[in-house]
Amino acid sequence: SDVDFACYYFDGCGGFTPHIIGMMSAALIRPETTSSSSTNNLQHHLPKTTAIGYSLMGGNKDVIEKEMDINRALSNIARTRGMRTRHVLDDPWRYGVPAEIAKTEGGTFTSWMLLEEEEV
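Each position in the sequence shown, counted from 1, maps to that position plus 1017 in this note's numbering.
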């Protein structure tokens, strides 16, 4: 494939959103590098598309508010990288995801977002 992408999955056991947001921030917010070292440049290569998945476990209490908090934080993280977010299940056909896929299975809520370069 010629698609330059990265993918992260964050497991939110217990549904404590600050932990998920903290993990996302640590993984996705990178300081600018001024070194010309090829090793350093490889470590800080930012792909044009990044898939982000996360789960909230431990029941569905306030799951809508928790999802909104995480997605808003992810949107802020995306802006630091000159990117925007898209929710995969808003347009499942575009991403080859079955339209009947559910966000919840048992006591687990799962969501997938994409960070894509902002179109100018």
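Even glycine gets a Cβ: it sits at the ideal position worked out from N, Cα and C.
Just so it is clear, the structure is predicted and the values come from calculations on it, not from any experiment.
| Item | Value |
| --- | --- |
| Rounded C-alpha distance that separates G1113 from D1107 | 12 Å |
| D1107, DSSP secondary structure in three states | helix |
| G960 burial status per 10 Å Cβ neighbour count (16 or more: buried) | Residue 960 cannot be examined here, being either before or after the span of the chain that is shown, 1018 to 1137. |
| Sequence-distant residues of its chain with Cβ nearer than 6 Å to W1129 (five each side left out) | G1070 and V1105 |
| Nearest candidate by alpha-carbon position, reference V1080, set E1135, E1133 and F1126 | F1126 |
| T1034, buried or exposed, once every other Cβ within 10 Å from all chains shown has been counted against 16 | buried |
| Beta-carbon contacts of L1045 that lie in its chain and below 6 Å, excluding the five residues immediately before and after | I1094 |
| Whole-number beta carbon distance between L1091 and G1032, since they are thought to touch under 8 Å | Rounded, the Cβ-Cβ distance is 16 Å, inconsistent with contact. |
| Identified DSSP bridge partners for S1092 | Per DSSP, none; premise fails for S1092. |
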